[in-house]
Amino acid sequence: MFRRLVRWVPALAWMTVIFVLSATPGSRLPGRFSTLAHFLTYAVLGGLLVLAMGTREPYGRSVAVAVILASLYGITDEFHQSFVPMRTPDVADWGMDTLGAFVGAWATASLAVKVGRRGRGAAGRATPPQ
């Protein structure tokens with residue numbers, strides 16, 4: 001049980017980073033970089049959410065849940081920005097958040113599948129530690 005909770009710490013910490021960045025008045029990034037920042041920030045979040053769920057969930061389900069959670073967090077992030085001076089909520093930003101979360105979650109799940117296959121023997125069972 002404790003291990004499951006610990007797996008969520010990086011994702012929750014990253015969500016805190018997003019919150020703090022969103023609370024910064026004004027935008028420090030020029031417009032064209034803002035879109036990339038949203039995409040990359042939420043790609044990391046999507047990947048961390050997949051890792052938080054662990055390997056007990058099927059990867060397709062983990063990706064879907066990660067994208068839904070990150071997208072919902074993106075909505076709250078945009079709403080939060082409506083209270084920050086010189087910041088405004090933007091549906092396009094939320095779209096980039098969701099797209100980034102999908103790419104990050106999918107890439108993390110795909111990598112986890114590949115790494116998991118390397119650790120399996122010819123009979124399909126996990127190889128014992130050396």
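Following the working numbering from start to finish, the sequence shown increments by one per residue and tops out at 130.
All C-beta atoms, glycine included, are put in the ideal place defined by N, C-alpha and C.
Through-space distance from residue j to residue i, alpha-carbon basis
| i | j | result |
| --- | --- | --- |
| F2 | W8 | 10 Å |
| L52 | V63 | Per the sequence shown, residue 52 should be read as Ala rather than Leu. When rounded, the distance between both Cα atoms is 11 Å. |
| P10 | D97 | 18 Å |
| A66 | T88 | 25 Å |
| P25 | G116 | 43 Å |
Spatially closest choice to residue i from the options, by CA coordinates
| i | options | result |
| --- | --- | --- |
| A43 | Y73, P89 and R87 | Y73 |
| F39 | V115, G116, V113 and F102 | F102 |
Backbone secondary structure at residue i - three-state DSSP
| i | result |
| --- | --- |
| A126 | Here A126 scores only 45 on pLDDT, less than 50, and its place in the model is too uncertain to base an answer on. |
| R87 | coil |
| W8 | coil |
| M15 | helix |
Residues of its chain near residue i, where Cβ-Cβ distance is below 8 Å and the 5 sequence neighbours each way are ignored
| i | result |
| --- | --- |
| V113 | Y59 |
Original post:
Counting Cβ pairs closer than 8 Å, one from the region 35-52 and one from the region 106-115, do we hit at least three?
Top reply: yes
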